[in-house]
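Presented below is the structure to which this report refers.
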Amino acid sequence: MTSKTASSLSLFDMALVKPALWGAFAKLSPRVQWRNPVMFIVYIGSILTTLLWVHALSFPGDTGMPPAFVLAITIWLWFTVLFANFAEALAEGRSKAQAASLRGLRKDTWAKKLKEPHHGAAFLPEQAPNLRKGDVVLVETGDVIPLDGEVIEGVASVDESAITGESAPVVRESGGDFSAVTGGTRVLSDWLVVRISVNPGESFLDRMIGMVESAKRHKTPNEIALTILLVALTIVFLMVTVTLLPFSVFSVSAMGTGSVVSLTALVALLVCLIPTTIGGLLSAVGVAGMSRMMQANVIATSGRAVEAAGDVDVLLLDKTGTITHGNRQASAFVPAPGVTAERLSRAALLSSLPDETPEGRSIVELARRGGTDDSAVDGAHFVPFTAQTRMSGVDLPAAPNSLDVGPVALRKGAVEAVRKHVEALGGRMAPEVLRAADEVSRRGSTPLAVAEGNRALGVVELKDIVKTGIQSRFAELRAMGIKTVMITGDNKLTAAAIAAEAGVDDFLAEATPEDKLALIRQYQAEGRLVAMTGDGTNDAPALAQADVAVAMGSGTQAAKEAGNMVDLDSNPTKLLEVVETGKALLMTRGSLTTFSIANDVAKYFAIIPAIFVSTYPQLGALNVMQLASPSSAILSAVIFNALVIVFLIPLALKGVRYRPVGAAALLRRNLAIYGLGGLVVPFIGIKLIDWLLVAVHLV
Numbered sequence: 000m001t002s003k004t005a006s007s008l009s010l011f012d013m014a015l016v017k018p019a020l021w022g023a024f025a026k027l028s029p030r031v032q033w034r035n036p037v038m039f040i041v042y043i044g045s046i047l048t049t050l051l052w053v054h055a056l057s058f059p060g061d062t063g064m065p066p067a068f069v070l071a072i073t074i075w076l077w078f079t080v081l082f083a084n085f086a087e088a089l090a091e092g093r094s095k096a097q098a099a100s101l102r103g104l105r106k107d108t109w110a111k112k113l114k115e116p117h118h119g120a121a122f123l124p125e126q127a128p129n130l131r132k133g134d135v136v137l138v139e140t141g142d143v144i145p146l147d148g149e150v151i152e153g154v155a156s157v158d159e160s161a162i163t164g165e166s167a168p169v170v171r172e173s174g175g176d177f178s179a180v181t182g183g184t185r186v187l188s189d190w191l192v193v194r195i196s197v198n199p200g201e202s203f204l205d206r207m208i209g210m211v212e213s214a215k216r217h218k219t220p221n222e223i224a225l226t227i228l229l230v231a232l233t234i235v236f237l238m239v240t241v242t243l244l245p246f247s248v249f250s251v252s253a254m255g256t257g258s259v260v261s262l263t264a265l266v267a268l269l270v271c272l273i274p275t276t277i278g279g280l281l282s283a284v285g286v287a288g289m290s291r292m293m294q295a296n297v298i299a300t301s302g303r304a305v306e307a308a309g310d311v312d313v314l315l316l317d318k319t320g321t322i323t324h325g326n327r328q329a330s331a332f333v334p335a336p337g338v339t340a341e342r343l344s345r346a347a348l349l350s351s352l353p354d355e356t357p358e359g360r361s362i363v364e365l366a367r368r369g370g371t372d373d374s375a376v377d378g379a380h381f382v383p384f385t386a387q388t389r390m391s392g393v394d395l396p397a398a399p400n401s402l403d404v405g406p407v408a409l410r411k412g413a414v415e416a417v418r419k420h421v422e423a424l425g426g427r428m429a430p431e432v433l434r435a436a437d438e439v440s441r442r443g444s445t446p447l448a449v450a451e452g453n454r455a456l457g458v459v460e461l462k463d464i465v466k467t468g469i470q471s472r473f474a475e476l477r478a479m480g481i482k483t484v485m486i487t488g489d490n491k492l493t494a495a496a497i498a499a500e501a502g503v504d505d506f507l508a509e510a511t512p513e514d515k516l517a518l519i520r521q522y523q524a525e526g527r528l529v530a531m532t533g534d535g536t537n538d539a540p541a542l543a544q545a546d547v548a549v550a551m552g553s554g555t556q557a558a559k560e561a562g563n564m565v566d567l568d569s570n571p572t573k574l575l576e577v578v579e580t581g582k583a584l585l586m587t588r589g590s591l592t593t594f595s596i597a598n599d600v601a602k603y604f605a606i607i608p609a610i611f612v613s614t615y616p617q618l619g620a621l622n623v624m625q626l627a628s629p630s631s632a633i634l635s636a637v638i639f640n641a642l643v644i645v646f647l648i649p650l651a652l653k654g655v656r657y658r659p660v661g662a663a664a665l666l667r668r669n670l671a672i673y674g675l676g677g678l679v680v681p682f683i684g685i686k687l688i689d690w691l692l693v694a695v696h697l698v
C-alpha cells in the first residue's frame, strides 16, 4: 500500500520531527493542556515558577532561592510539558503522514456513465466528482474505477495494489461476495459495469483518510479509567505538597533552625511525585496503537476498537481461508447404489451452474473434465445458491417421452439441506448416501449431496487443507486465555475433523447468518468480548454485533460498514494479528504506568531530604545517592523527570513487544522489568545528572 511509505519512516525522521516540534509548542494552549489533568498541573507549575523567577529577579532576597536556580527549575518544567506535547505530536504526525499518502491516491478521473434508460445503453464521458450514488458506469482495460461500487455485469482483473499493497491482481465480478470495487483501483483486463454505491467524499478511500486523521479521538474506557487513577494520585500528592508549606513554617518556628521550604522547591517536588511519565505519554500510546494497526494494513475506526482487540477472549474464525487454504475443490463423485457416475455428474453439473461460489465452479469444472454433457435445456429454471438455503439447483421441464407429469428438480448442496428438500418432496435419503457423506466427512473433506426430485443420487467430495502452522497460533492464543471457535457451513462430522486437525477449542457447524449472530450474543451474555471477521453481506449482522469486527477490504459495502475495522489485505488470518496489536497496546500502557509509579521512589530520596535537611539534619541519612547539595538534588530530580519522557517515546510509539503468554506470566514480567527497572534506573540517572551538574559547576 502506498501509505506504507509513510509508516516505514523511522521514528525520528526529520519529516516527522520538524512538524512535531512545532506541534509541541502549539499544544501549549491552555485549551489543549487542560484535557490532560496530570500535565495540566505541570503546566500550571511551570507558569508559577516563571512568575517566581521574575519575582526573584526583582526582589532577590524575598524568594530564598537564587534567581539562576529558579530559572533552571522553570526551564526544565517547561521542557517536561514540551516533551509530553512532542510525544503526542509525533504520534499524530505519523498518522497524518499516513493520511497524506492515502490522499495522494485520490485522482480526478473521467468515467463512462450510462445515459438515461430511454436513451439506450450508451455510455457518455463524465467527471468522477459529478457522479452520484446509483449511477452506472463502464470501466474497461486500463481505466481507473472512479468511485466505490458494486459490479452488476462483467468479470475483470483489477489491480488493487494502491489500496492493499498486494501486487497480485484480483478478480471482480457480479454476484457473490467479490462484487465490490474500490475507487482508485485500476482494471487490468476485460470490463465491468459498476453501479456507484457512494457519493463523492464518501468513498472507502475518503473514510480511510478520515479514520487515519482521527488522532484526536475519544478516550477509550481503559484510558478513561487509567486517567481517573492518575488524577486521583495527582490530587493526593497535591494535597500532601500543599500541607508541607505550613508544616515547614511550623517546624522552623519550633526548632528555631533552618529555613522555610521555598515555593519553587515545592513545585519541583509536586511535579516529580505525580505520575508525569505516563501522564505525558498516555495520549501518544493511544494514537500510536491506531497507527500500528495502519502499519499492519488494518484501518481502525476508533481507538476503542483497538483497545477492545486487546481484551478479546473469544475469536470466531471462518474455516475457509482462515484455518484452511480456502480453495476447496471438487475431487470426486460418489454415486448412490443404482446410479451411474454419468447421471450423478450431469445432475451435479446442471445444479451447480447457478452456483457462483468457487466450490460450485469446481464441481462444474470436474464434471466437464470427465466429459459430462453441459448443454443447456430449453425452459430450465435455475435456482442460485444462498447462505440461507445452502443449495443451488435447476428445475428442468419433463422430457417429452417421460412419465413425469411435472418438471424435474435437481438440487446440490449441504447434505442436511438436501435431505430436508428430499423429505419435503416425499422421498427419503438412502442410507448408503448418508454413509458415504459420513465417510467423506471423517476424511476432513466436505460432502455435498445431489438430488433429482425426491431421490438422492450421491455425494460430491470437496477437499481443503489446513494451513501449516495454524495449530501453533491457536496454542499461543489458548495460553493467553483466548477461546477459538471455528465457523463453517460444513456438517458436524466435517467440522469436527477440521477442528481437531487445526486445534481450535470449539466449532459451529452448518452455520447460517442467524446462527453466527446468536452465538456472538450468547458469548456476550456471559460477559465475554468477541472478535470475528467477515466479507459478505450475510456477515453484516454478526459483524455489527461483535465487539471487534474486521471486515475484508475486498468484501461487500455492507460488511465494511458493519465492522469497526477494515483489513485492506483481505487476509482472514489478520484477525490474529489484530488481537496481538491490541494486546501490545494494553501491555505498553500497563508497562509505562508501572514504570511511572515505580520511578517516583528515587525522587523521594532526592528531594525530601534536600528541602527539609536544614531543619531536620537527621534526614541527611536518606540521601542514599550522596547528592552534592540540596539544590543539586532538586534540579537533578527535575531534569531526570523531564528526560525520562524523551527516552520512553520510542517505547510508547513502537509498543512493548507482544509475547503470547498468560496473564500471570505477563504480570510477573511486567513487574520484573518495568517495576524493578522503575525503581533502579532513576537512582542511577539522578546520580549521573548530579555528577554532571557538579562537573560543569552549574550548582
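Residue numbers are given in numbering that gives the first Met the number 0: position 535 of the sequence shown equals residue 534, and the series is strictly consecutive. Virtual Cβ for every residue (Gly too), placed ideally from N, Cα, C.
Which residues does DSSP list as the beta-bridge partners of residue i?
| i | result |
| --- | --- |
| Ile486 | Asp317, Leu507 |
| Phe381 | Val393 |
| Glu87 | None, per the DSSP bridge assignment. |
| Glu500 | Bridge partners of Glu500: none, in fact. |
| Ser156 | Val170, Ser188 |
| Gln617 | Paired residues: none, contrary to the question. |
| Val465 | Thr323 |
| Met479 | Answer by DSSP bridge pairing: none, since Met479 is not bridged. |
| Leu409 | Val393, Glu451 |
| Asp566 | Val297, Met551 |
Residue i to residue j, Cα distance in whole Å?
| i | j | result |
| --- | --- | --- |
| Ile519 | Thr242 | 54 Å |
| Leu268 | Gly619 | 17 Å |
| Arg303 | Leu634 | 39 Å |
| Val465 | Ala450 | 29 Å |
| Leu315 | Thr532 | 7 Å |
| Arg441 | Ile362 | 21 Å |
| Leu262 | Ser247 | 11 Å |
| Asn35 | Thr240 | 20 Å |
| Ser391 | Arg418 | 14 Å |
| Leu395 | Val333 | 23 Å |
| Leu380 | Val432 | In the sequence under discussion, the amino acid at residue 380 is His, which differs from the Leu named in the question. Cα-Cα distance, rounded: 26 Å. |
| Leu670 | Thr593 | 7 Å |
| Ala408 | Asp505 | 36 Å |
| Lys491 | Ala478 | 26 Å |
| Leu137 | Val197 | 16 Å |
| Leu15 | Gly92 | 6 Å |
Given a threshold of 16 other Cβ atoms within 10 Å of its Cβ, counted over all protein chains shown, does residue i qualify as buried or as exposed?
| i | result |
| --- | --- |
| His420 | buried |
| Phe32 | Note that residue 32 corresponds to Gln in the displayed sequence, not to Phe. Counting Cβ neighbours within 10 Å, Gln32 comes out buried, since at least 16 surround it. |
| Glu201 | exposed |
| Pro649 | exposed |
| Arg389 | buried |
| Glu513 | exposed |
| Thr321 | buried |
| Asp403 | Note that Asp403 scores 48 on pLDDT, short of 50, meaning its location in the model is unreliable; the coordinates nonetheless yield the value given after this. It counts as exposed. |
| Met254 | exposed |
| Ala25 | exposed |
Where does residue i fall in DSSP's three states?
| i | result |
| --- | --- |
| Ile298 | strand |
| Phe332 | strand |
| Phe122 | strand |
| Glu367 | The identity of residue 367 in the sequence shown is Arg, whereas the question assumes Glu. The answer is helix: DSSP assigns Arg367 an H, G or I state. |
| Asp12 | coil |
| Thr388 | coil |
| Arg194 | strand |
| Met428 | coil |
| Met531 | strand |
| Glu355 | coil |
| Leu456 | strand |
| Ala699 | Because the chain in this structure spans residues 0 to 698, residue 699 falls outside the shown range and cannot be described. |
Would you give the residue range spanned by the alpha helix (DSSP H) that residue i belongs to?
| i | result |
| --- | --- |
| Pro681 | 675-694 |
| Thr580 | 573-597 |
| Glu139 | Here Glu139 belongs to no alpha helix (DSSP H); instead the beta strand (DSSP E) covers 135-139. |
| Thr256 | Segment: none, Thr256 is in no alpha helix (DSSP H) and carries neither H nor E. |
Could you pull the start and end residues of the beta strand (DSSP E) that residue i belongs to?
| i | result |
| --- | --- |
| Pro446 | 445-451 |
| Leu113 | 109-113 |
Output yes if chain B places a C-beta closer than 8 Å to the C-beta of residue i; else output no.
| i | result |
| --- | --- |
| Ser351 | In the displayed structure, chain B is absent; only one protein chain is listed. |
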